[in-house]
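K.L.:
There are 2 protein chains.
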Amino acid sequence: LIETRGIAKVYALGETGLRALDGVTTSFEQGEFAAIMGPSGSGKSTFMNILGCLDKPTSGAYALDGRDVGRLGRDGLAEIRNDKIGFVFQAFNLLPRTTALENVELPLVYRGTSGRERRRRALAALEAVGLGDRWASLPSQLSGGQQQRVAIARAMVNDARLLLADEPTGNLDTKSSREIMDLFVRLNRDSGITVLVVTHDANVAAYARRVVRFLDGRIVSDETGAPA
Amino acid sequence: LIETRGIAKVYALGETGLRALDGVTTSFEQGEFAAIMGPSGSGKSTFMNILGCLDKPTSGAYALDGRDVGRLGRDGLAEIRNDKIGFVFQAFNLLPRTTALENVELPLVYRGTSGRERRRRALAALEAVGLGDRWASLPSQLSGGQQQRVAIARAMVNDARLLLADEPTGNLDTKSSREIMDLFVRLNRDSGITVLVVTHDANVAAYARRVVRFLDGRIVSDETGAPA
Ligand SMILES: Nc1ncnc2c1ncn2[C@@H]1O[C@H](COP(=O)(O)OP(=O)(O)OP(=O)(O)O)[C@@H](O)[C@H]1O
Ligand SMILES: Nc1ncnc2c1ncn2[C@@H]1O[C@H](COP(=O)(O)OP(=O)(O)OP(=O)(O)O)[C@@H](O)[C@H]1O
Ligand SMILES: [Mg+2]
Ligand SMILES: [Mg+2]
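Chains as they are written, first to last, in the numbering used here: chain A, 64 to 291; chain B, 64 to 291.
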């Protein structure tokens, strides 16, 4: 599904650039479940943003589903995102003056799904993360973990083939974390969705079959093991 | 240092209120180090915001350093916050178009500290969290864990007597988490600062001498044990 070759990302910072990614070559097949780990600042979110077509590399090549993503313009990238990719951001990125339900509906609005079907699917996704009763709450009325779960619901509602989750359990208690990871395992196993999870938590990484570790903008290890 | 009696917080939500806190009575002495734990939505951040004078309870009493905080107006509360309390928010709350250094300086600006002393102390706090070389970066140029560490530096810079840290390690890798918790232990042990840490991570809670657990807006257990 995903193939990268020599991806680099250099941010202009002061007099020198900052190399957030320094030649990342890897691939992920459809149906994989992988954890992405590494120290703070090692390039994980930068890599995830590129995989999710939210950002472009400075150099290197990225093919998604056989298609060279580097050649796409803004509209092509947006189309891919809306159609293929569910994203859980590290900073949740909920619209602030918008209810939980409307936040979760948003990918379907971009898709042109009808109002009634949108609402049905958004409510089902909220119930799957234990927040059906809070559908009318604004983000400011939700705890940190509750906001995170709304973001997870939004990522799952468009039946994307690729789910990129950047620290999806950072603000969740152990029980909620397990429930979310069990959801991701079901999506992966039953629907064949490719799941990549950035995490600092070894208990979360243990759900994945493969662990890719970053350090200073590079992949330093890539281990495939038995599922937990 | 802290004494609460029957603290309740009811948010107006739809036709009924939502009881985020339901009669919390507890106390924390100067020099304590306690972890606050509990499921998502159990009232931890709500309680921390009240202890930090960022919000008021619906009912109940709260005395900080012998002073009835409920009787204070806005200016009195702001004075207490700026003078006595360092706060690490769950959502980091950095000013977006402001450098890391300027964000960390902010409590000292409110204090009227001179520019040169402000800058010296802010840079020292950034170096203590491993980000001295990123002092000129805006929050948008920092990773999630780096932003969290800037927030921690800001909480420590005003030599507050009380440090309230809401999920300070949620976005940090294990090594960075240990470094931050070691910093907190040193502040507690060497300077007598009272430290309350909300966390979902048992490894982080293990640094505390006391663990207070919330469930559905109430304290359900309060255990004192040996330090880790
Ligand atoms: N927009 C930007 N401009 C400049 N530098 C950036 C930008 N975004 C990220 N960086 C820098 O690039 C490096 C990698 O950042 P990235 O967010 O990918 O790290 P990360 O592995 O996700 O870290 P964390 O675990 O803290 O979330 C960091 O040093 C960061 O400060
Ligand atoms: N401004 C608000 N308006 C309405 N309800 C709120 C508001 N803030 C919090 N709540 C609700 O109060 C309850 C407690 O929230 P709180 O943020 O204290 O939980 P928490 O224990 O910090 O959870 P987490 O671990 O997810 O951060 C939750 O049900 C939440 O939705
Ligand atoms: Mg990150
Ligand atoms: Mg909270």
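Where is the CB? At the ideal position from N, CA and C, for every residue including glycine.
Nothing here was measured: the structure is a model prediction, and the numbers come from that model.
#1: At a Cβ cut of 9 Å, what residues of the stretch 123 to 155 of chain B count as close to chain A, listed as they run along the chain?
#2: Alpha carbon to alpha carbon, how far is A191 of chain A from L81 of chain A?
#3: I'd like the list of long-range same chain contacts for A216 of chain B, defined as Cβ closer than 6 Å, with 5 residues on each side in sequence excluded.
#4: Please confirm whether Q204 of chain A has its beta-carbon closer than 9 Å to some beta-carbon of chain B.
#5: Check the Cβ-Cβ distances between P102 of chain A and every residue of chain B, and say whether any is below 9 Å.
#6: Find the nearest neighbour of D311 of chain A within the set A:R249, A:F150, A:T121 and A:Y173, judged by alpha-carbon distance.
#7: Check the DSSP bridge columns for D128 of chain A and list the partner residues they point to.
#8: Are the beta-carbon atoms of L250 of chain B and L226 of chain B separated by less than 9 Å?
#9: Candidates B:V151, B:G77, B:A126 and B:D85: which alpha carbon is nearest F277 of chain B's?
#10: Measure from the alpha carbon of I70 of chain A to the alpha carbon of each residue in A:L76, A:Q93 and A:T121, then state which is nearest.
#11: If you draw a straight line from the alpha carbon of W198 of chain A to that of A223 of chain A, how long is it in whole angstroms?
#12: Where do the N-terminal and C-terminal ends of the beta strand (DSSP E) with T237 of chain A fall, by residue?
#13: Based on the DSSP secondary-structure assignment, which residues constitute the bridge partners of D85 of chain A?
#14: Closer than 7 Å by beta-carbon distance: list the chain A residues that pair up with G233 of chain B, in chain order.
#15: When you compare only the Cα positions, how much space is there between A228 of chain A and F150 of chain A?
#16: Using only the alpha-carbon positions, how far apart do A75 of chain A and A83 of chain A sit?
#17: Under DSSP, the alpha helix (DSSP H) around L114 of chain B begins and ends at which residues?
#18: Do A154 of chain A and L205 of chain A come within 9 Å of each other at the CB atom, strictly closer than that value?
#19: If you follow the beta strand (DSSP E) that G104 of chain A is in, where does it begin and where does it stop?
#20: Are the beta-carbon atoms of G280 of chain A and T67 of chain A separated by less than 9 Å?
#21: Helix, strand or coil: which one does DSSP assign to E66 of chain A?
#22: Say the cut is 8 Å; is the CB of N266 of chain B nearer than that to a heavy atom of ligand 2?
#23: Quick check: does the Cβ of N156 of chain B come within less than 8 Å of any heavy atom belonging to ligand 4?
#24: Could you tell me whether the Cβ of S200 of chain B comes closer than 9 Å to any Cβ of chain A?
#25: Give the single residue among A:T89, A:V73, A:A214 and A:S90 whose Cα lies nearest to the Cα of L158 of chain A.
#26: In whole angstroms, give me the CA-to-CA distance for K123 of chain B and L117 of chain B.
#27: So L140 of chain A packs on L64 of chain A, CB below 8 Å; how close in whole Å?
#28: Can you tell me whether N156 of chain A is buried or exposed? The criterion is at least 16 other CB atoms within 10 Å of its CB, across all chains shown.
#29: Leaving out the 5 sequence neighbours to the left and right, which residues in its chain are closer than 6 Å to G195 of chain A when beta-carbon positions are compared?
#30: Note down, one range per segment and in chain order, each alpha helix (DSSP H) of at least 4 residues found wholly within the stretch 136 to 177 of chain B.
#31: Since V258 of chain B sits in a beta bridge, which residues does DSSP pair it with?
#32: What are the boundary residues of the alpha helix (DSSP H) that R212 of chain B is part of?
#33: Under 9 Å, do T257 of chain A and E95 of chain A count as touching if we go by C-beta distance?
P.N.:
This is what the structure gives:
#1: Taking 9 Å as the Cβ-Cβ cut-off against chain A, the residues of the stretch 123 to 155 of chain B that qualify are Q153, A154 and F155.
#2: Rounded to whole angstroms, A191 of chain A to L81 of chain A spans 40 Å at the Cα level.
#3: Once the five neighbours on either side are set aside, the close Cβ partners of A216 of chain B are V167, A188, L189 and V192.
#4: So yes, Q204 of chain A belongs to the interface.
#5: Chain B places a beta carbon closer than 9 Å to that of P102 of chain A, counting this residue as a contact.
#6: In the structure as shown, chain A begins at 64 and stops at 291. Residue 311 of chain A is therefore absent and cannot be evaluated.
#7: D128 of chain A is not bridged to any residue.
#8: Going by C-beta atoms, L250 of chain B is nearer than 9 Å to L226 of chain B.
#9: F277 of chain B has its Cα closest to that of B:D85, out of B:V151, B:G77, B:A126 and B:D85.
#10: Ranking the options by Cα distance to I70 of chain A, first place goes to A:T121.
#11: Spanning the two alpha carbons is a distance of roughly 22 Å.
#12: Here T237 of chain A belongs to no beta strand (DSSP E); instead the alpha helix (DSSP H) covers T237 to S254.
#13: Bridge partners of D85 of chain A: A:A71.
#14: Close to G233 of chain B, with beta-carbon spacing below 7 Å, are these residues of chain A in chain order: G233 and N234.
#15: Take the alpha-carbon of A228 of chain A and the one of F150 of chain A: they are about 6 Å apart.
#16: So the two alpha carbons sit approximately 10 Å from each other.
#17: Segment K107 to L114, the alpha helix (DSSP H) holding L114 of chain B.
#18: Their beta carbons are not under 9 Å apart, which means L205 of chain A does not touch A154 of chain A by this criterion.
#19: In this chain, G104 of chain A is not harboured by any beta strand (DSSP E), its DSSP state being neither H nor E.
#20: For the pair G280 of chain A and T67 of chain A, the CB atoms are not nearer than the 9 Å cut-off.
#21: Correct three-state label for E66 of chain A: strand.
#22: Within the chosen limit of 8 Å, ligand 2 does not reach the beta carbon of N266 of chain B with any heavy atom.
#23: N156 of chain B: no, Cβ never under 8 Å from ligand 4.
#24: So, interface residue.
#25: If you compare the alpha carbons of A:T89, A:V73, A:A214 and A:S90 with that of L158 of chain A, the shortest gap goes to A:A214.
#26: Checking the sequence shown, residue 123 of chain B turns out to be Gly, not Lys. Near 16 Å, if we compare the C-alpha coordinates of L117 of chain B and G123 of chain B.
#27: Between L140 of chain A and L64 of chain A, the beta carbon gap of about 17 Å keeps them out of contact (Cβ cut-off 8 Å).
#28: By the neighbour-count criterion, in which 16 or more other beta carbons inside 10 Å mark a residue as buried, N156 of chain A falls on the exposed side.
#29: L189.
#30: The DSSP assignment places 137 to 147 and 163 to 174 as complete runs of the alpha helix (DSSP H) inside the stretch 136 to 177 of chain B, in order along the chain (cut-off: 4 residues).
#31: DSSP output for V258 of chain B lists B:F96 and B:L226 as bridge partner(s).
#32: It spans G207 to M219 - the alpha helix (DSSP H) in which R212 of chain B sits, taken as one unbroken run.
#33: For the 9 Å CB-CB criterion, T257 of chain A and E95 of chain A form a contact.
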